[in-house]
Every structure is written in structure tokens, then in C-alpha cells.
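The block underneath contains the structure these notes are about, expressed in C-alpha cells.
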Amino acid sequence: MNPKYKGYRGGRIEVYDQKDKRGYACYEARFLIPEEFMDAFRKIWNFKESDKMPYIRWDYAEAERSKKTK
């Protein structure tokens with residue numbers, strides 16, 4: 005593992021077209037987020053269907069970390 009990615013977790017989101025009945029993903033999004041937020045991310049998005057991709061903001065991580073230090 006590249007040391008600069010230490011503390012991060014990656015994953016992918018499969019995107020399906022509801023009109024296409026073949027059952028194959030038409031697109032795949034990959035992401036890399038701080039490890040400490042992976043469980044919360046999975047609780048929200050695991051097995052969820054949406055017609056929009058999740059928007060992950062990098063400043064969210066800093067805001068959440070600052071809440072823990074207060």
C-alpha cells in the first residue's frame with residue numbers, strides 16, 4: 005500500500021439504469037475517504053438506491069474532526 009493513502013479507505017458504487025432489465029451496472033464510481041468516516045458512509049449508502057451520486061465534500065472531514073476535539 006502506498007504510504008500516502010494510510011488512513012483512507014476506498015470503495016466503489018455501482019450505478020444501474022432502471023430501464024435496462026439485463027441487471028448489469030452501466031457505470032461505476034470509485035472513491036477514497038478518510039477511514040474514520042467509512043462506517044458512517046456505509047450506514048447511509050449500503051444497498052441504497054438513488055438516481056444521484058453521493059457528493060463527498062473534503063471539508064466535511066475537517067468539520068467532523070473539529071467537533072471531536074471540542
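Numbering (this note's numbering), first residue to last: 5 to 74. We put the beta carbon where it would ideally sit given N, CA and C, even for glycine. Remember, predicted model here, so these are calculated numbers, not experimental data.
DSSP-derived helix/strand/coil call for residue i
i     : result
Gly44 : The question names Gly, but residue 44 is Ala in the sequence shown. Residue state, collapsed to three classes: helix.
Arg26 : coil
Glu66 : helix
Tyr9  : helix
Same chain, Cβ closer than 6 Å to residue i, neighbours up to 5 away in sequence not counted
i     : result
Gly14 : Leu36
Beta-bridge pairing of residue i - partner residues as DSSP gives them
i     : result
Glu39 : Paired residues: none, contrary to the question.
Tyr31 : Val19
Same chain only: Cβ atoms within 7 Å of residue i, ignoring 5 sequence neighbours per side
i     : result
Ala75 : Beyond the ends of the chain as shown, which are 5 and 74, falls residue 75; an answer cannot be given.
Q.
Tell me whether the region 36-47 and the region 21-28 touch, counting them as touching only if at least three CB pairs, one residue from each stretch, are closer than 8 Å.
A. no
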